[in-house]
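Taking it in order: structure first as structure tokens, then the write-up.
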Amino acid sequence: MKLRVALLLLLAVPLYAGKTRSVRHMPAAPDVPPGTPTFSNEVVRIFQDNCQSCHHEGDIAPFALVNYADAKARAPLIRFMTETRQMPPWKPVEGCGDFANERRLSDADIATIAKWVEAGAPEGDRAQLPEPLDFSAGWENGPPDLVLKNATAYTPPSHTDTYRCFTIPTNLVSSAYVAAVDTHPGDRETVHHVLTFIDTTGESLALDEADPGPGYTCFGGPGFAMTGTLGGWAPGSRALEMPSDVAFELPPNSRVVMQVHYHPHHGDPEPDQTELGLYLAKEPPAKLMQVIPIINQSFTIPPNDANYQVDAVWPILTPVKLKIWFVAPHMHLLGKKMTVEMKAPNKDAQCLITINDWNFNWQGAYAFETPIDVPIGTRMSLRAHYDNSSSNPLNPNDPPKAVSWGEATTDEMCIAFLGVTIE
């Protein structure tokens, strides 16, 4: 098994980031029938609780939902996307996994939005506006304790998949413990994903010095024996926060290597200087977070098959007691659905997560509300389905052709990452 993939997309459990803040307005004299929801009273509070973390300037959403003008212009769209539960995006199917920070609108919130739109999307009394959320820090959890980035921006070539590794010194004199990680891709148009590797030997620096330009070519892996990870990023990922008293370890004098995959760009790519924001624990944790992959790298999806099945099994029965803190499924453009489960001795199989409408542009690491105990002898497995037919609008091949495991955007993957601690 190639350890380079054992980190793909520890992605974050969605939180909040950005670069702008709302502006308060002077109160207006509304003319709204009693009982009618207004933006200034009910609706903006729904947006603050469920939408603005992504829908503000500079973040992943295509438009902001911070002020009345933002919302009024898209009121019918907002109603449609919330009534069909396409927004906020939450991929896990109910009944499989009990997750923290679920982004599901309540039936009451959806009805409030619909009633507001039916009434003409009134603004209401601006005096009722709540205190605006502050996104000025540019990071979900405020300024990080440590921001890592390559000293020089890198401009990838167009029309080709490029893997570039950037080795960055931490300058730590003693071990640090990372409680949260936030990744800021520099150019979202070309950054396909980011993996992180911890280098405690300095091998990555030698590789960098031997390769002209910022960073070094690293298609297929970082080029050295890694000793750990700080997770990764993929489209849709938010900051990854560790639970209380659990953290990743960052050894002294270590370097963090960011492997950035740039996918083909039809125009002229922009210079990229992806940043990694680290939030450090104040005290050494009780447990260290580790990541294990359930993975299948030996499959070929035949052309014109709209529901091809691929299974994967953790190669050994769990040799020690574990706790599972989060799960992060990953596929590419042909992905259709995936279920991850565990089978403890003498017990029925337990579903950890099911995603039945896979969207490559919205991925994440889903944290459990309560960590799941894994007894010795447990079997970990997944089942994935792929749509390699012409009816798949994301199929990169026309006509469809056979697709196997690979690291290019047009290849496929079948993997789920589990964030675990040893008990």
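34 is the number of the first residue of the sequence shown in the numbering used here; add one for each residue after it. We put the CB at the ideal spot given by N, CA and C, even for glycine.
Look at Arg118 here: in three-state DSSP terms it is coil, with no helix or strand label. Here Ile357 carries a strand assignment [DSSP, helix/strand/coil]. Take the alpha-carbon of Asn74 and the one of Val65: they are about 12 Å apart. Residue environment analysis places Thr193 among the exposed positions, since fewer than 16 neighbouring C-beta atoms fall within 10 angstroms of its C-beta. DSSP places Trp172 outside both helix and strand once states are collapsed to three, so it counts as coil. In this structure, His294 lies near Glu440, with their beta-carbon atoms less than 9 Å apart. The criterion of a C-beta distance shorter than 9 Å is satisfied by Pro336 and Pro433. If you draw a straight line from the Cα of Thr71 to the Cα of Ala147, it is about 11 Å long.
Inclusion of Ala280 and Pro318 in the CB contact set at 9 Å is warranted, their separation being smaller than that value. Between Glu303 and Asp220, the gap from beta carbon to beta carbon is short of 9 Å. With 16 or more neighbouring CB atoms inside 10 Å of its own CB, Lys370 falls in the buried class. Under the three-pair Cβ rule at 8 Å, the stretch 151-158 does not count as touching the stretch 178-185. Rounded to whole angstroms, the gap between the alpha carbons of Lys380 and Val290 is 41 Å. Closest in C-alpha terms to Phe80, from the list Pro362, Gln306, Thr117, Arg137, comes Arg137.
When DSSP reads this structure, Asp381 sits in no beta bridge, so it has no partner. A straight-line Cα-Cα distance of about 16 Å links Ile328 and Val453. Non-local beta-carbon contacts of Ala209 in its own chain, meaning distances under 7 Å to residues more than five positions away in sequence, involve Leu283, Leu313 in chain order.
Tyr419 and Leu367 do touch by the CB rule: their CB atoms are close to 4 Å apart, below 8 Å. The residue among Tyr341, Gly253, Asn100 with its C-alpha nearest the C-alpha of Pro165 is Asn100. In this structure, DSSP gives Asp344 an extended state, which the three-state scheme calls strand. Around the CB of Thr195, 16 or more other CB atoms lie within 10 Å, so the residue is classed as buried. Unbroken beta strand (DSSP E) stretches of 3 residues or longer found wholly inside the stretch 281-349: 288-295, 308-313, 323-328, 341-346, given in chain order.
When secondary structure is reduced to three states using DSSP, Val224 falls in the strand class. For Glu242, no beta strand (DSSP E) encloses it; the enclosing alpha helix (DSSP H) starts and ends at 236-242.
Membership of Tyr101 in the alpha helix (DSSP H) is indicated by the continuous run 101-105. A residue is called buried when at least 16 other Cβ atoms come within 10 angstroms of its Cβ; Asp344 does not meet this threshold and is exposed. Check the Cα spacing between Ala435 and each of Leu98, Pro189, Ser422: the tightest is with Ser422.
Scanning its chain for C-beta atoms nearer than 8 Å, with the 5 sequence neighbours on each side dropped, one finds around Ala258 the residues Thr234, Glu236, in chain order.
A residue is called buried once 16 or more other Cβ atoms fall within 10 Å of its Cβ, and Glu274 is buried on that count. Excluding its 5 nearest sequence neighbours in each direction, Asn340 has C-beta neighbours in its own chain below 6 Å: His418, listed in chain order. By the beta-carbon neighbour count (other beta carbons within 10 angstroms, threshold 16), Asp305 is buried.
Counted as a single uninterrupted DSSP element, the stretch harbouring Lys376 is not any alpha helix (DSSP H) but the beta strand (DSSP E) occupying residues 368-376. For Thr372, the closest alpha carbon among the candidates Cys384, His365, Met364 is that of Cys384. As computed with DSSP, Ala209 is found in a beta bridge with Leu283. With a beta-carbon spacing of about 10 Å, His365 and Ile448 fall beyond the 8 Å limit used to define contacts.
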